[in-house]
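Taking it in order: structure first as structure tokens, then the write-up.
There are 2 protein chains.
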Amino acid sequence: MSTRDAKLERAREEFVAQWGAMGSQWGINRTMAQIHALLMTAVEPMNTDEVMEELQISRGNAHSNLKELVAWGLLRVVVKKGERRDFFEAEKDVWQIFTIVTRERKKREIDPALSVLQRCAEETRDLESSEAVAFHAQMRQLEEFVGFASKVADRVGSMKHGFAVQMAAKLFI
Amino acid sequence: MSTRDAKLERAREEFVAQWGAMGSQWGINRTMAQIHALLMTAVEPMNTDEVMEELQISRGNAHSNLKELVAWGLLRVVVKKGERRDFFEAEKDVWQIFTIVTRERKKREIDPALSVLQRCAEETRDLESSEAVAFHAQMRQLEEFVGFASKVADRVGSMKHGFAVQMAAKLFI
DNA sequence: TCATATTTTCAGTATTGAATGAAAATTCAA
DNA sequence: TTGAATTTTCATTCAATACTGAAAATATGA
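So the sequences go chain by chain: A and B. Anchor point for the first sequence: position 67 equals 68 in this note's numbering, and the numbering is continuous, going up by one each time. Anchor point for the second sequence: position 67 equals 68 in this note's numbering, and the numbering is continuous, going up by one each time.
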């Protein structure tokens, strides 16, 4: 049994480490991604000290990233009876995770872009030089596209899993 | 006329600065995003010195980011007759930009994730403890989802603009 | 070929964002 | 209340990444 447990342990450690490394790529910080990976593959909810111990990180770091993950909705706080400390458990449903991440990324990546583009388009709407007209047209095109992306993100983010799968199947497979 | 040119100039500077700031959010470095913004709104192709001058950046920085943008396919090198220096012009078509960015992001964000998940699933395929089974199932679910995302990215990235718009219209508007 | 223009490299420096850890604040049971 | 357990904050430190600028390499044309 110990060989097999070791195998699992290794695989899990690899997952946590790699998922963390990929976090950076995704605009999510490494620790945050690691904690999420750790809890996604945890059998039981974990408390702050367990997370610190497992990932070898400081209390402050564990605390702030746990907080952030709860704020995103990727973790839930669980109260254990007879326990004073907070325990955390991860959202494990893949579609849920996806919609949450979609919402967050839209907020951070799409919405600000859209408002910049709207502003720049607005500010040059009445100019008449050919350069200004070209600039304005470029802003409008970008605005239209990003606006569309924003709508797509909203729709996808609020779809039920089943519907998404069904729709996707028609389109892409 | 000078008032109006000033307006345009201000709007363009705002666009370049903000697009640059958003680059970070997007996992693209600030200078790279700024150069792209600058050239997307340039009437004529620009050379390295002009970019350096406009953005107040060093030659090395300008050089490496111009190179990177060319590698992505977001800029093209233009040879001007009677000019020894390279000039750069941006891809301005929004759909082209989108497909290029989609391809890059897939390469950096989706493909590595998929291979981690496949490996972790594979490594735990034969284990029998309930924890291992749960872990394996979780990896498989993630793998399935990310694999699907990978397909979607491929399809979208190779669609023609017209088709994408048509399809999107049906789905989302 | 040689001199000059241009591009490329890269060691050193700066900037930014994340992590630490200890102190302060809060919570809770007795 | 009180004091121990727990959470939260935040000034400082650290690490990763981006940027600089000058030197080396390369290309051009006289």
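All C-beta atoms, glycine included, are put in the ideal place defined by N, C-alpha and C.
Exercise. Gln-139/B and Met-41/A: beta carbons closer than 8 Å?
Worked result: As a position in the second sequence, residue 139/B is number 138, starting the count at 1. As a position in the first sequence, residue 41/A is number 40, starting the count at 1. In contact: Gln-139/B and Met-41/A (Cβ atoms closer than 8 Å).
Exercise. Taking buried to mean at least 16 other C-beta atoms within 10 Å of its own C-beta, is Glu-124/B buried or exposed?
Worked result: Within the second sequence, the letter at position 123 stands for residue 124/B. Under this definition Glu-124/B is a buried residue.
Exercise. Checking contacts by CB at 8 Å: is Val-95/B closer than that to chain A?
Worked result: In the second sequence, the residue the question calls residue 95/B occupies position 94. For Val-95/B, the answer is yes, since a Cβ of chain A falls inside 8 Å of its Cβ.
Exercise. CB-CB under 7 Å to Leu-118/A, same chain, minus the five flanking residues each way: which ones, in chain order?
Worked result: As a first step, residue 118/A is located in the first sequence; it is residue number 117 there, counting from the start. The answer, listed in chain order, is Met-140, Leu-143, Glu-144, Val-147.
Exercise. Checking contacts by CB at 8 Å: is Ala-133/A closer than that to chain B?
Worked result: Counted from its first residue, the first sequence places residue 133/A at position 132. Yes, Ala-133/A counts as interfacial toward chain B.
Problem set entry | Contacts around Asn-48/A, its chain only, beta-carbon distance under 6 Å, and the 5 residues preceding and following it disregarded | Here residue 48/A refers to the residue found at position 47 of the first sequence. Excluding sequence neighbours, Asn-48/A sits near Arg-86, Phe-88.
Exercise. Nearest to Glu-15/A by CA position, among Val-157/B, Ala-122/B, His-162/B, Ala-154/B, is which residue?
Worked result: As a first step, residue 15/A is located in the first sequence; it is residue number 14 there, counting from the start. Answer by Cα proximity: Ala-122/B.
Problem set entry | Within chain B, the residues that Gln-19/A reaches when beta carbons sit closer than 7 Å | Start at 1 with the first residue of the first sequence, and residue 19/A comes out as number 18. Under the 7 Å cutoff, chain B gives Val-117.
Exercise. Between which two residues does the beta strand (DSSP E) containing Ala-91/A stretch?
Worked result: Position 90 of the first sequence holds residue 91/A. 87-91 is the extent of the beta strand (DSSP E) around Ala-91/A.
Problem set entry | CB contact check: Pro-113/B to chain A, cutoff 8 Å | Against the second sequence, residue 113/B aligns to sequence position 112. With 8 Å as the cut-off, Pro-113/B counts as an interface residue toward chain A.
Exercise. Looking only at its own chain, which residues have a Cβ that is under 6 Å from the Cβ of Ala-34/A, when we skip the five neighbours before and after it?
Worked result: For the purposes of this step, residue 34/A is identified with residue 33 of the first sequence, where counting begins at 1. For Ala-34/A, where only same-chain residues beyond five positions count, the Cβ hits under 6 Å are Trp-20, Gly-21, Gly-24.
For this session: Check whether the region 76-84 of chain B touches the region 52-61 of chain B, counting contact only when three or more Cβ pairs, one atom from each stretch, lie closer than 8 Å.
Result: No contact exists between the region 76-84 of chain B and the region 52-61 of chain B.
Problem set entry | Beta-carbon separation (whole angstroms), Ala-38/B vs Met-53/B, contact threshold 8 Å | Position 37 of the second sequence, counted from the first residue, corresponds to residue 38/B. Position 52 of the second sequence, counted from the first residue, corresponds to residue 53/B. That belief does not hold up - the Cβ atoms of Ala-38/B and Met-53/B are roughly 15 Å apart, past 8 Å.
Problem set entry | Counterpart residues of Val-47/B in DSSP-defined beta bridges | The sequence position of residue 47/B within the second sequence is 46, counting from 1. The identity of residue 47/B in the sequence shown is Met, whereas the question assumes Val. Answer by DSSP bridge pairing, in chain order: Phe-89/B.
Exercise. Mapping DSSP to helix, strand and coil, what is Leu-115/A?
Worked result: By 1-based counting over the first sequence, the position of residue 115/A is 114. It is helical.
For this session: Please work out which residues of its chain come closer than 7 Å, Cβ to Cβ, to Val-17/A, disregarding the five sequence neighbours upstream and downstream, and give them in chain order.
Result: Here residue 17/A refers to the residue found at position 16 when the first sequence is read from its first residue. Apart from sequence neighbours up to five positions away, the residues of its chain that approach Val-17/A with a beta-carbon distance below 7 Å are Gln-35, Ala-38, Leu-39, ordered along the chain.
For this session: Tell me where the alpha helix (DSSP H) around Leu-128/A begins and ends.
Result: Working through the first sequence from its first residue, we reach residue 128/A at position 127. Per DSSP, Leu-128/A belongs to no alpha helix (DSSP H) and is neither H nor E.
Exercise. DSSP beta-bridge partners for Arg-109/A?
Worked result: Here residue 109/A refers to the residue found at position 108 when the first sequence is read from its first residue. Beta-bridge pairing links Arg-109/A to no other residue.
Problem set entry | Residue from Glu-84/B, Glu-51/B, Glu-92/B with nearest C-alpha to Thr-71/B | Locating residue 71/B in the second sequence gives position 70, where the first residue counts as 1. For the record, residue 71/B in the displayed sequence is Val; it is not Thr. Among Glu-84/B, Glu-51/B, Glu-92/B, the Cα nearest to that of Val-71/B belongs to Glu-92/B.
Exercise. Would a check of beta-carbon distances place Phe-164/B closer than 8 Å to chain A?
Worked result: The residue you call residue 164/B lines up with position 163 of the second sequence. Chain A contact via Cβ: absent.
Exercise. From Glu-90/B to Ser-151/B, what distance separates their C-alpha atoms?
Worked result: The sequence position of residue 90/B within the second sequence is 89, counting from 1. The sequence position of residue 151/B within the second sequence is 150, counting from 1. Straight-line Cα distance between these residues: approximately 30 Å.
Exercise. Are the CB atoms of Gly-28/B and Gly-28/A nearer to each other than 8 Å?
Worked result: Here residue 28/B refers to the residue found at position 27 of the second sequence. Here residue 28/A refers to the residue found at position 27 of the first sequence. Going by C-beta atoms, Gly-28/B is nearer than 8 Å to Gly-28/A.
For this session: Determine the DSSP secondary structure at Leu-75/A, reduced to helix, strand or coil.
Result: Walking along the first sequence from the start, residue 75/A turns up at place 74. In this structure, Leu-75/A counts as coil in the three-state DSSP scheme.
For this session: Please report the Cβ distance between Ala-154/B and Lys-107/B, rounded to the nearest whole angstrom; I am assuming they are in contact, meaning their Cβ atoms lie under 8 Å.
Result: Residue 154/B sits at position 153 when you count from the first residue of the second sequence. Residue 107/B sits at position 106 when you count from the first residue of the second sequence. Going by Cβ atoms, the distance from Ala-154/B to Lys-107/B rounds to 4 Å, so yes, they are a contact pair.
For this session: Return the chain-ordered list of same chain residues with a C-beta closer than 7 Å to the C-beta of Pro-73/A, the five sequence neighbours on each side being excluded.
Result: What you label residue 73/A is simply residue 72 of the first sequence in a count that begins at 1. The sequence given here has Trp at residue 73/A, not Pro. Taking C-beta separations shorter than 7 Å and ignoring five residues to either side along the sequence, the partners of Trp-73/A in its chain run Ile-101, Glu-105, following chain order.
For this session: Leaving out five residues on either side along the sequence, give the residues of the same chain with a beta carbon under 7 Å from the beta carbon of Ala-114/A.
Result: By 1-based counting over the first sequence, the position of residue 114/A is 113. So the list reads Val-147, once near-sequence residues are dropped.
Problem set entry | Proximity test, Cβ basis, 8 Å: Val-71/A and chain B | Taking the first residue of the first sequence as 1, we reach residue 71/A at position 70. No, no contact with chain B.
Exercise. Closer than 8 Å, Cβ to any Cβ of chain B: which residues of the region 22-46 of chain A, in chain order?
Worked result: Met-23, Gln-26, Trp-27, Gly-28, Met-41, Thr-42, Val-44
Exercise. Do Leu-128/A and Lys-8/B come within 8 Å of each other at the CB atom, strictly closer than that value?
Worked result: Taking the first residue of the second sequence as 1, we reach residue 8/B at position 7. Taking the first residue of the first sequence as 1, we reach residue 128/A at position 127. Their beta carbons are under 8 Å apart, which means Lys-8/B touches Leu-128/A by this criterion.
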